[in-house]
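Quick notes on the structure that follows.
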Amino acid sequence: MFQHIPVHTIRPLTTAHLAQTMTLLSLTSNELQEQIDAELAQNPALEMLDEIRCPTCHRLIRDGGVCPVCSRPANVADGEPIVFVSTREIVSGFGPSEAEEDRDDAGSALVEDLATYVFRQITPDIAPEDRRIAAHLLTHLNEDGLLDVALMEVAMYYHVPVSRVEAIQRIIQRADPVGVGSSTTQDALRVQLEVLKESGSVPEYADQVIDAGLDLLSRRQYNELARRIGITAERVRDLAKFIGENLNPFPGRSFWGDVRQPAGPQTQVYYRPDIIVSRLGDHDDCQLVIEILFPIWGTLRVNPLYRQAVSEASSDQKENMKEDMERASLFVKCLQQRNHTMQRLMHKIALAQRDFILRGEKHLKPITRAALSKELGVHESTISRAVANKAVQLPNGRIIPLSEFFDRSLSARMALKEIIDQENHPFSDSELVALLSEKGYDVARRTVAKYRAMEGILPANLRRPC
DNA sequence: CTATGGCACGGATT
DNA sequence: AATCCGTGCCATAG
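Numbering (our numbering), first residue to last: 1137 to 1602.
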């Protein structure tokens, strides 16, 4: 029932404490920021100091960002990763007010989540009173970059005519990943086509192909498609190639120009990372540095003035104020607890998946959350919550979901990909089974088919003759 | 007849 | 308790 928690971090071990730590643990840094803002707004006992202290060692940090001590500790054994909580902000919030450009000091690409990225582009084109609606739409993008709510619903929510929401959607759709915020993949493609038309020529009938049936297109039933539109199958084949090369049904995924239609899950670039992994030095045996991003610029604490005020307050007010103080200090402790757990978790992950982090997907070791929870002495659900919905930035700049560290089949899939990339003659699925088992991966024929689908690799008969 | 994709079941994982 | 994943069986396309 109760979980094992290191004693030094917390003293009063209440169920409220546990519950809140759990919730905080499952939040991404984005959400955490909101949560903290909300708590600050409603609890007068909580205050935020401008000075920044390292959340790990409590030393003062001069110009913000990374703690010089924790990020470069003197005596860490070789191979041990350095894990610490960082307060450096990656992206400023979502407000219509600012348009500031942060350059990352390391010079690596600025990363922000898709919604923010788009919002920044469209702000000038949208009337201030409509920005709320735009922001609302953008927060309901799914991971493919498509809209998850019905326009009608949004219109009703803000008491505005649907046409106005539609107009906003049109502006969003034309922003950088062209087609974002479309309601369907078909819509997304249509918009992309329109935009292409403005800057160059597109083949005739392309719109018809999209209108007539995407499902036919993705199943490659060109003959049927040709019959419906009334052109030759040959034309359809050309059009399909054009569409595959120039359009992207999932604007949120950044793999442009890849012919394979069902894009693999590996490339979602527009994510704001919750954790950043980098390497210290270039040697093979260099240390890994892991920053757990903490979205607060400042130090959170219980306001000492408030504490003093409590003792001087009249007895009927005292009750409420005391409660506020309890809440505030609980909140701070829970945040510490959360960060502490994240640190321990990332430490273990970094140890186990070092090869994966440095050398790529082939070296992912199949570890389970259950095993890790045992090692850390916490409940399985704790790990699950901590891992869910979080993104990690790897030393090579790629951003992946934290759950990818627990992907059981990734290395097998990479092996499969490798075989197929090097093949001279298309292997059938059953042949692939044999080849994979030589490499130590024992999977069923049916499973190979599934892996292929996941990676967006076509079946053998359609592979080579392209 | 062979190769593949769909559906559904069972066991593992969360 | 809910979900995910590998797998077997069967229908279908070539």
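Beta carbons: idealized from backbone N, C-alpha and C, even for Gly.
Nearest-angstrom Cβ-Cβ length linking residue i and residue j, presumed shorter than 8 Å
i	j	result
ILE1308	VAL1316	6 Å
ALA1585	ASP1565	5 Å
LEU1604	PHE1255	Beyond the ends of the chain as shown, which are 1137 and 1602, falls residue 1604; an answer cannot be given.
ASP1543	LEU1500	6 Å
LEU1160	LEU1471	6 Å
ALA1369	ASN1359	5 Å
SER1573	ILE1428	So it is not a contact: roughly 40 Å between Cβ atoms.
GLU1591	LYS1553	6 Å
ALA1251	ILE1262	Between ILE1262 and ALA1251 the Cβ distance is about 14 Å, and since that is not below 8 Å, they are no contact.
ALA1506	GLU1516	5 Å
Whole-angstrom distance between residue j and residue i, CA atom to CA atom
i	j	result
VAL1425	LEU1538	16 Å
ALA1548	GLN1529	22 Å
LEU1481	ARG1189	22 Å
HIS1153	ASP1186	26 Å
ASN1384	GLN1328	8 Å
LEU1375	LEU1283	26 Å
THR1320	GLY1281	10 Å
ILE1258	LEU1168	26 Å
PRO1387	ARG1310	11 Å
GLN1178	PRO1531	39 Å
HIS1561	ILE1519	44 Å
HIS1483	ASN1382	42 Å
ARG1599	ARG1364	26 Å
ARG1443	LEU1176	16 Å
ALA1589	THR1583	10 Å
ALA1449	ILE1503	55 Å
LEU1287	HIS1419	53 Å
ARG1110	LEU1546	Given a span of 1137 to 1602 for the chain in the structure shown, any question on residue 1110 remains unanswerable.
ARG1373	ASN1597	16 Å
ALA1594	GLU1559	Per the sequence shown, the amino acid found at residue 1594 is Leu instead of Ala. Those two C-alpha atoms are separated by around 13 Å.
GLU1334	PRO1313	16 Å
GLU1340	ASP1323	18 Å
ARG1474	ALA1174	18 Å
ILE1367	ILE1555	38 Å
GLU1497	TYR1577	15 Å
THR1151	GLU1265	44 Å
ILE1412	ARG1371	47 Å
VAL1285	PHE1563	42 Å
HIS1476	ILE1304	43 Å
CYS1193	PRO1440	21 Å
GLY1393	ALA1362	Summary for GLY1393: the model assigns pLDDT 27, below 50, so the residue's position carries little reliability, and this model does not support an answer.
LEU1494	ASP1421	10 Å
PHE1220	THR1435	16 Å
PRO1260	MET1158	40 Å
ILE1226	SER1318	Unreliable placement is indicated for ILE1226, whose pLDDT of 36 sits below 50; the coordinate value is still reported in the next sentence. Cα to Cα, ILE1226 sits roughly 27 Å from SER1318.
Cutoff 8 Å; reference residue i; Cβ partners in own chain excluding five residues on either side
i	result
ILE1379	LEU1325, ALA1342, VAL1345, ILE1346, LEU1353
VAL1438	ALA1181, LEU1182, GLU1183, MET1461, ALA1464, SER1465, VAL1468
ALA1291	PRO1297, VAL1298, ARG1300, VAL1301
VAL1446	LYS1454, MET1457, LYS1458, MET1461
GLN1156	LEU1466, PHE1467, CYS1470
GLN1171	LEU1160, LEU1163
Residues near residue i in its chain [Cβ-Cβ closer than 7 Å; skip 5 each side]
i	result
VAL1338	LEU1329, LEU1332
VAL1579	ALA1548, VAL1569, LEU1572
HIS1272	VAL1290
MET1478	ILE1428, ALA1522
Chain-order list of residues whose beta-carbon lies under 6 Å from that of residue i (same chain, five-residue window excluded)
i	result
ILE1485	PHE1541
ASP1238	Its pLDDT being 32, under 50, ASP1238 is placed unreliably by the model, and nothing is read from it.
LYS1575	ALA1551
TYR1587	ARG1549, LEU1552
ARG1581	ASP1565, SER1566, VAL1569
SER1165	ASP1410, LEU1429, PRO1431
TYR1294	ILE1269
**Report entry** beta strand (DSSP E) runs contained entirely in the stretch 1491-1561, provided each spans 3 or more residues
**Finding:** Counting whole runs of 3 or more residues, the stretch 1491-1561 contains the beta strand (DSSP E) stretches 1527-1529, 1535-1537.
Report task. Mind listing, in chain order, the continuous alpha helix (DSSP H) runs of no fewer than 4 residues lying wholly within the stretch 1301-1376? Result -> Complete alpha helix (DSSP H) runs here, min 4: 1321-1335, 1342-1348, 1350-1354, 1358-1365.
Query - Validate contact between the stretch 1438-1455 and the stretch 1488-1507 using beta carbons, cut 8 Å, 3 pairs - result: These segments do not touch.
Report task. Scan the stretch 1459-1483 and note each continuous beta strand (DSSP E) run of 3 residues or more that stays entirely inside, going in chain order. Result -> Taking only runs of at least 3 residues, no beta strand (DSSP E) segment lies wholly in the stretch 1459-1483.
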